[in-house]
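Chains as they are written, first to last, in this note's numbering: chain A, 1 to 314; chain B, 1001 to 1314; chain C, 2001 to 2314; chain D, 3001 to 3314. Ideal placement from N, C-alpha and C gives every residue a C-beta, glycine not left out.
Put into C-alpha cells, the structure is as follows:
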C-alpha cells in the first residue's frame, strides 16, 4: 500500500488526479491539502470534499485548507476561462457531509509525515506554498518524507505563463525555491512530459463505455468538466478536442515510476526577472551550482500513462 | 563576393574567426569593430590589426574601436585565464603599420551598412554593445542590413556563465535585447551548436601539415594561442586537449548556412533575475510574445564545420 | 561532503574507480570492502591497500576482507587474461604499511551505515555478496542506507559473460536478488551505459600530461595496468587501444547523478536457466511483478563522464 | 505466386492472419496445420476450416491437426478470457463441408516442403511444436524450406507472460529452441514490432466501409470477434478499443518484408529459469555463441502494415 498526500488547487485536472488517486488499487490518500491557484484555497477544499464524496473511498480522507496567497505578493484570483467559475468546470457536484479540518494545510502535512515516517509520498499539484510553510515550520520532517513528486516547471518545453515558466512554480517562486533547497527526494513532472500525454475525446468515450457502475458518476463528471477545459486548450494551444494531462501525470508517476525517464541535476528556482521569474534553473555543467539534485522527468510512455489513468475507473 | 563586417572582443577564438574570414575565398571583410569582453576594446583593436597584418589580405580592412563598457554597468575587466594577458594567448604577433580609425565602432557599422545596402552581413563575436549603439544612433539602417549572425546565447545547452546564460549576452543583456527587438534578420550561433564542434590537438596537427606556405605563420600562431585556451577549457570543462569552436562557427555559419539547422521563434533577452540575467527567452508557444523572430541554430554538421575552418588555410 | 563506502573485487577498472573516489573533491571514502571476482577477496584487499597507499588520502580508509565465494556455489578463480595475475595488471605497487581489518566486510558495511545514518552511499563494483550478507545479518540497516549504486547487469546491451548477463550479477545471482528485494534506493550502472564510455590511449596521454605532481605515480600506474586491460578488450571486443569504463562510472554516477539518464521499474535477478542465470529482469509491463523499483541508467553523457574521471587527477 | 503454409493455434488474431493470407493477391496458402495454444489443436482446426469456408478461396486448402501438448510438459488449456470459449471470440461461423486431413500436422509440413522445394514459406502463429516435430522426423527438409517467419518472442519490448517472455515461445521453449538450432532462414516477428501496430475501432469502421461485397461477412466476423479480444487487451494492457496486431503481422512480414526492419544475431531459446524460460537469447556480442543467425524484426512501418492488412479485404 502506497500512502500519498496530495496538495492541490483543485481545478479540473487536479480533480481528475484526485479521483485517480482515490480509485487506483494499492494507493491510499492520507489527506488532501489545498491552496490558491486555479481557484481559492477554500473553494479548492470545497471541490475536493465533493470529489471525495463522489468517489466514495472506503476510508476517511481529511481535507485541510492552506495558503490563499503566495509567500511573496498576492494571488491573482481564479481563472474561470480555464477552470470555470467554481474551479471544476462549473459542474455542480453533490455537497459532501464532510467538512474541512480546522487545522491549516501545513500542519496536516507535518502531522501526516510524522505519522507515516519514510512511508509518505507528497504530491503537489499546485503552488508549493503549503509544503514550503510546512518545511519552514518543521524543517525536521525533511528526512521523514519518503519523496515528493510535483506537477510544475519545465526544462526544455515552452512554458505556459511565460515562454519559459510554468504556472505552479511562477505562482510562488519563493516557495518552490525553498522546497528545491530543502534536500528532499524531489521529482519534477513538468511540461516536458505532461504536454506529451493527451486526454482525447476518444478517451472520454472509452471512459464512459468502460467505467464500472460505481464510477459512472465520475465518468459523467469528467466529461462535463472537460468541456470548459477543452475549450480553453483549443483557444490557448490549438488542441482539437484533447488536452494535455498535467496534474494526473504527477500522481501517475508517483504511483508508477516506470512511466517516466529521469535526468538529475542541481536545481534552483529563479525568483527575479521579467520572463524568468519562476523558471526552473537546472545545472548540467561540469561545475554546477551548489544545490540539491532534482529528478526531472524528460520522457514519458504516453499511451501507457493515459490508459492507466482511465483504467483506474473501469 | 559576400561582404561581412565583424564585431569582436578579439580573444583567442575571435582571432581564429577573423583569420578564417580573411582567408575564406568569396568573402570580403569590409571592417572590424571592437568592444570589451575577452579583453578591452583598445586591446581588441590592437590584436585585430596584428591579425590582419599576419593574414595579409589583398585589400584594406579598417578597424574601429568601440564601447569599453556595456550599456548598463561596468566591464569586469579582461579574463587572462581564458585568453591570456593580451587577449590572444600571450602570443606576440608582429606589430602592424596600420592604425585604428578615429571613427568609433558604431559609426563604422552605420557607414558600412549604408555603403553596402542590403549587401552586408554583420557578424558579432562578443557583446552586442556596438551594434546596439549603432541601431540607437541610426535606426534607419535596420532595413539596409542584409543579416546579422551572432555568437552568443544558448537555447537548451547549459550556459557558461550561469546554468542558463552565455557570456556574450550576459555581458550586456540590454544591448542584446535592443538588437533582438530591432527587427533584423538575426541568427543566433549559440552554445547549442558551438559546443558540438571541437577543435582538437589532432586538428592542429592537420592544420600545420596542410597549411599553404603563406599561411604557416597563421598555423603557428593558432597552435601557440591554443595553449592557453586548451588549458582554460580543461580546467573549466574538463576538455582534454580540445576546445569548443565558438566564434569561428558564427563566421562559418554566416558564410555557409548549410552547416546549421535552424529553428525560429520570437525571442527576447531577460534583463533581470539572479540566474537568468542575459538569458535568451525564445517563445515556441502557440501564442507567443510579440517580438521579432530569431533564427536559432540547433544542430550543426560538426565535422564539416571544423574541416571547412581548417581548409581555409590549406 | 559525500560519504561513500566501496565494495570491490579490486581488479584494474576497480582500481581506477577507487583512485578516482580518493581524489575527487567533496568525496570521502569511509571504507573499502573486498570480495572475490576479478581476483580473490584477500588479493583484492591487498591491492586496495596498495592503491590507498599510492593515493595518500589525508584520512584513514579502513579495508575489510569479505566473501571469497558467492552465496551459492564456488568462485571460479581469478581471470589473469583480463586483470593480470595479481588483479591489477601485474603492476607491482609499493607495499602499504596498513593492514586489513580483522572485521569481516559485511560487519564493516553494517557499522559504517549505522555510523552515518541516511548519509552513506554504498557503491559496489563486484558481486553483491558482501552487501547481501550485511543485509541478511542486519536487515534493519535498509532504511539507514542513503542509496546504493552498483556496477553490474545490463538491460538491453549485450552481456559480457552470456548474451544477456553481466559478470558481477552472474557471479552471485542469489546475492544480487537479495539486494534487489531489500527495498533500497538502488541504481544500476550496467553495460547499457558503461559500454558507452571509453577510456582511450589519448585519454591516458592526457592523464600523464596533466596529472598533478602528486598524482604522477597514479598516472604511471594506470598506464601500466591498462596494458593488460587494453589487450583483453582488443581480443574480446575488438577495442583498438581503448576500453569501456565499467567500475569508475558507478562511482562517477554516485558522485554526479547528472551524468546519467534513468528509467525505473520493478526488477528481480533470474537465478536459474542456461543463458539467463544472473540476468536483470526489469518489468515495464502495465501489471508488473511485485518487486521494489530499480533505477536503471539508460543513457550517459560519455564525454563529460570520462573527462571528469581524468580531471580528478589533474 | 508465393506459397505459404500456416501453422496456427487458431485464435482471434490467428483468424485475421489466415483470412488475410487467403485474400492477399499473389499468395497461395498450400495448407494450414494446427496446434494447441489459444485453443486446442482440434478446435483450432475446426476454426480454420470455418474460416476457409468463410473466405472461399478459389483453390483447396488442406488442414491438418497437430500436437496438443508441448514437447515437454502439458498444455495449460484454452484461454477463454482472451479468445473466447471457441478460440474465435465465440463467433458462430457457418460449418464447413471440408474435414481435416487424417495426416498429422508434422507430416503435412514435411510433404508440402518436399512438394514445393525452395518455394515454400512457413509461417507459424503459435507454438513451434509442429514444426519442431517435422524437423525431428525429417531433418533433411531444412535445406528445402525457403524460409520461416514466426510470430513470437521479444527482444527489448516487455513480454506478455513474464517480464521478458512471449507466450508462443514460452508455451514450448524446447520446440522453439530446436527450430532456432536447425539452421533455417528464420525471421522473428515478436512483440518489438507487433506491439507497435494497433488495430483500432476506427480501423474496423474503415474495414466495414470499404470491404468488397464478397468480404462483408469477413468484416462482420472481425468486428464481432474483436469484442472479446479488445476486452482482454483492455483488462491486461489498458488498451482502450484497440489491440496490438500479433499474428497478422507475421503473415504481413512474410508477404511484404519491406514492412519491417531487421537485425540479425545468433540466437537460442532459454529453456530454464524462473522468469526467463522461453526467452529469446540473441547474442550481439563481438564473439557470440555458436548458434544460427536469427532475423529479428526491430521496427515496423505501422501505418503501412495495418492499412495493407485491411486493404486485402477491400
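Where DSSP assigns a beta bridge to residue i, which residues make up the other side?
| i | result |
| --- | --- |
| residue 3299 of chain D | D/3261 |
| residue 3007 of chain D | D/3033, D/3124 |
| residue 1106 of chain B | Partner(s): none; residue 1106 of chain B has no beta bridge. |
| residue 3242 of chain D | D/3200 |
| residue 1268 of chain B | B/1281 |
| residue 3294 of chain D | D/3265 |
| residue 3188 of chain D | D/3150, D/3296 |
| residue 3319 of chain D | As displayed, chain D neither begins before 3001 nor continues past 3314, which places residue 3319 of chain D out of reach and without an answer. |
Of the choices the options, whose alpha-carbon is the least far from that of residue i?
| i | options | result |
| --- | --- | --- |
| residue 2012 of chain C | C/2023, C/2081, C/2165, C/2171 | C/2081 |
| residue 1126 of chain B | B/1305, B/1284, B/1018 | B/1018 |
| residue 3008 of chain D | D/3310, D/3226, D/3151 | D/3151 |
| residue 3180 of chain D | D/3119, D/3270, D/3105, D/3022 | D/3270 |
| residue 2297 of chain C | C/2187, C/2166, C/2118, C/2288 | C/2187 |
| residue 314 of chain A | A/128, A/134, A/216, A/69 | A/216 |
| residue 1107 of chain B | B/1130, B/1097, B/1119 | B/1130 |
| residue 1301 of chain B | B/1268, B/1260, B/1254 | B/1260 |
| residue 199 of chain A | A/273, A/230, A/292 | A/230 |
| residue 3095 of chain D | D/3256, D/3068, D/3045 | D/3045 |
| residue 2240 of chain C | C/2247, C/2232, C/2163 | C/2232 |
| residue 2268 of chain C | C/2067, C/2170, C/2098, C/2005 | C/2170 |
| residue 2105 of chain C | C/2252, C/2192, C/2031 | C/2031 |
| residue 1010 of chain B | B/1004, B/1114, B/1079 | B/1079 |
| residue 1204 of chain B | B/1213, B/1218, B/1214 | B/1218 |
| residue 156 of chain A | A/190, A/123, A/308 | A/190 |
| residue 1072 of chain B | B/1047, B/1272, B/1120, B/1004 | B/1272 |
I believe residue i touches residue j by the beta-carbon criterion, under 8 angstroms. Please report the beta-carbon distance rounded to the nearest angstrom.
| i | j | result |
| --- | --- | --- |
| residue 154 of chain A | residue 280 of chain A | 7 angstroms |
| residue 2265 of chain C | residue 15 of chain A | With 8 angstroms as the limit, residue 2265 of chain C and residue 15 of chain A do not qualify as a contact, their Cβ atoms being about 29 angstroms apart. |
| residue 2178 of chain C | residue 2136 of chain C | 7 angstroms |
| residue 2087 of chain C | residue 2039 of chain C | 3 angstroms |
| residue 3173 of chain D | residue 3277 of chain D | 6 angstroms |
| residue 1110 of chain B | residue 1141 of chain B | 6 angstroms |
| residue 2184 of chain C | residue 2161 of chain C | The pair is not a contact, with the Cβ atoms about 24 angstroms apart (cut-off 8 angstroms). |
| residue 275 of chain A | residue 163 of chain A | 6 angstroms |
| residue 1311 of chain B | residue 1246 of chain B | With a Cβ gap of about 19 angstroms, residue 1311 of chain B and residue 1246 of chain B do not count as contacting. |
| residue 2002 of chain C | residue 2027 of chain C | 5 angstroms |
| residue 1083 of chain B | residue 1255 of chain B | Contact flag wrong, Cβ pair sits at about 24 angstroms. |
| residue 2305 of chain C | residue 2249 of chain C | 6 angstroms |
| residue 52 of chain A | residue 22 of chain A | 7 angstroms |
| residue 93 of chain A | residue 293 of chain A | Between residue 293 of chain A and residue 93 of chain A the Cβ distance is about 40 angstroms, and since that is not below 8 angstroms, they are no contact. |
If the cut is a Cβ gap below 8 angstroms, which residues of chain D does residue i touch?
| i | result |
| --- | --- |
| residue 206 of chain A | 3240, 3241 |
Cβ closer than 9 angstroms: which chain C residues qualify as neighbours of residue i?
| i | result |
| --- | --- |
| residue 284 of chain A | 2258, 2301, 2304 |
Could you tell me which chain A residues have their CB closer than 9 angstroms to the CB of residue i, listed as they occur along the chain?
| i | result |
| --- | --- |
| residue 3234 of chain D | 206, 210, 307, 311, 314 |
What residues of chain B sit near residue i, judged by a beta carbon separation below 9 angstroms?
| i | result |
| --- | --- |
| residue 156 of chain A | 1155, 1156 |
| residue 2203 of chain C | 1240 |
So with CB distances below 7 angstroms, who are the chain A contacts of residue i?
| i | result |
| --- | --- |
| residue 1297 of chain B | The premise fails here: residue 1297 of chain B is roughly 16 angstroms from chain A at the closest Cβ pair, so nothing lies under 7 angstroms. |
| residue 1279 of chain B | 276 |
Chain A partners of residue i, CB-CB under 8 angstroms?
| i | result |
| --- | --- |
| residue 2288 of chain C | 258 |
| residue 1215 of chain B | Per Cβ cutoff of 8 angstroms: no residues; residue 1215 of chain B is ~34 angstroms from chain A at best. |
Just to make sure I have the definition right: I need the residues of chain C whose C-beta is within less than 7 angstroms of the C-beta of residue i. Which are they?
| i | result |
| --- | --- |
| residue 229 of chain A | In chain order: nothing, as chain C lies at least about 26 angstroms away. |
Quick one: which residues of the segment 2256–2274 of chain C get their C-beta closer than 7 angstroms to a C-beta of chain A? List them in chain order. For the segment 2256–2274 of chain C, which is checked against every Cβ of chain A, the residues closer than 7 angstroms are 2257, 2258, 2261, 2262, 2263, 2264, 2265.
What residues from the segment 96–119 of chain A come within 7 angstroms of chain C, judged by C-beta to C-beta, listed N to C? Those residues of the segment 96–119 of chain A that come within reach of chain C (Cβ to Cβ, closer than 7 angstroms) are 118.
Can you list, in chain order, the residues of the segment 2142–2174 of chain C whose Cβ is nearer than 8 angstroms to any Cβ on chain A? Taking 8 angstroms as the Cβ-Cβ cut-off against chain A, the residues of the segment 2142–2174 of chain C that qualify are 2143.
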